[in-house]
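K.L.:
Numbers 7 to 96, taken from my numbering, label the letters of the sequence shown in order.
I'd like to ask some things about the structure below.
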Amino acid sequence: MEERDYKTLGQHVKYVNQFRKTQDALVQCWHGEITHYQPNTSEPGCNIIIISLDIMKEDSYGRQIEHETSVVHKSNQPADGNCWCWPDEL
């Protein structure tokens, strides 16, 4: 299991987009004051960075990055998609 670190920017998580496509993501910002996993509280929201899936969004630097903000954990998302999870939660 990958370590769940809520202090580290750049923490690797998975993002499930609105089409239920899973992408690797990096955390840009954690919401709230959580510093370690607490099973009695819900997972925090976060802002993430993903690489665009749109092949037309490419430039001389490579595929462009996209930002998703206020992304909730999958346990807090009633719909399938637009949420994050830990890699071992897929």
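Where is the CB? At the ideal position from N, CA and C, for every residue including glycine.
What you are looking at is a predicted structure, and each value in this text was computed from that prediction instead of being measured.
Give the secondary structure of lysine 20 by DSSP, where H, G and I count as helix, E and B as strand, and everything else as coil.
P.N.:
Three-state result, lysine 20: strand.
K.L.:
Buried or exposed: where does lysine 13 fall if 16 or more other Cβ atoms within 10 Å of its Cβ makes it buried?
P.N.:
Looking at its Cβ environment, which holds fewer than 16 other Cβ atoms inside 10 Å, lysine 13 is exposed.
K.L.:
In the DSSP assignment, find the beta strand (DSSP E) that holds leucine 32 and state where it starts and stops.
P.N.:
Segment 28-36, the beta strand (DSSP E) holding leucine 32.
K.L.:
Compute the distance between the beta-carbons of arginine 69 and serine 81, then report whether it is under 8 Å.
P.N.:
In this structure, serine 81 does not lie closer than 8 Å to arginine 69 by Cβ.
K.L.:
By the DSSP assignment, the beta strand (DSSP E) with threonine 1 in it spans what residues?
P.N.:
Not covered by the structure: residue 1. The range shown for the chain is 7 to 96.
K.L.:
Taking 7 Å as the limit between beta carbons, can you name the residues of its chain near lysine 63, skipping five residues before and five after?
P.N.:
Excluding positions up to five away in sequence, the list reads Arg69, Gln70.
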